[in-house]
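Here the sequence shown stands for residues 155 to 306, numbered as in the working numbering.
Ideal Cβ positions, reconstructed from N, Cα and C, are used throughout, including at glycine.
Every value quoted in this text rests on a predicted model; they were computed, and no experiment measured them.
Input: a single structure, listed below in C-alpha cells.
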Amino acid sequence: MSTTLANMKHTAQAVCDGYERWGVDAVMAPRADDCIHHLGPKSLGRPLRNNEQYRAYFYTLQTLFQDFKIEVTDQVFDGDQKKAALHVFGSASSPVGKYEQEYTWFLTFNEDGTKVKRLEEMIDSSYLAEFFKRLHDYVEVGGGKVKLGQTQ
C-alpha cells in the first residue's frame, strides 16, 4: 500500500473518530485550512461551508446531540484521485428521542492524503426534515441553548 493511500485511510478514520468524540476541535482536526463541506442532496438547499462556517454550524448541533456513534459499513479509496467514499450510519441521543441517520461521505484529500480538502455529505433528507422539525419545535419552546438555523 502506498504512503498516500495509508494516509488517506488514516485521515478518513480521523474524520469518523472526530464525530464520535463529538467535539468541534476533533471534527475540524482532519480538515485542511481551505476545506469545504457540503450537506446534500442539492434539494436541501444547504450552502457550501468553509471551516469557519462549519465550525459555527456544528456548534448548534453539538448542543443538541449526545453519545454520537459512527458505524462505517463500506469504504472505497482511490489513491490516484485522492478520493474516498464511505457509507456510514450515525446515531445519537437527543432531547426529542434517538437520532439515526444514514450518510454517504465523499472525501477529497490533499496531495499526501493527510487532510480533507472537501467533504460532500449525503443524507436521508426525508428523515432529516422530520427529525429536525421536532428539534426545531423543542428549541422554540426554550429547550435549547441556541436556535437552529442561526448559523445556517
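*Specify the secondary structure class of V226 as computed by DSSP and reduced to three states.*
strand
*To which residues of the same chain is I190 closer than 8 Å at the C-beta, ignoring the five residues directly before and after it?*
L202, R203, N204, K271, R272 and L273
*Looking at A183 and F219, is the spacing between their C-beta atoms short of 7 Å?*
no
_Between which residues of its own chain and Y253 is the CB-CB distance below 8 Å, once the five residues before and five after are set aside?_
F219, G244, S245, A246, S247 and F285
*Express the C-alpha separation of H290 and Q304 in angstroms, rounding to a whole number.*
The predicted model places Q304 with a pLDDT of 46, which falls under 50 and marks its position as unreliable; any figure quoted below should be read in that light. Cα-Cα distance, rounded: 11 Å.
*In this structure, what does DSSP give as the bridge partners for R203?*
H191
*Output the distance between the C-alpha atoms of G267 and F212, rounded to the nearest integer angstrom.*
24 Å
*Apart from the five residues just before and just after D228, which ones in its own chain have a Cβ nearer than 6 Å to its Cβ?*
H241
_Opening and closing residue of the beta strand (DSSP E) in which V242 lies_ = K237 to S248
*Helix or strand or just coil, what does DSSP make of L302?*
Confidence in L302 is poor, its pLDDT being 48 and thus under 50, which makes the residue's placement too unreliable to answer from.
*Roughly how many whole angstroms lie between the Cα atoms of G233 and I277?*
25 Å
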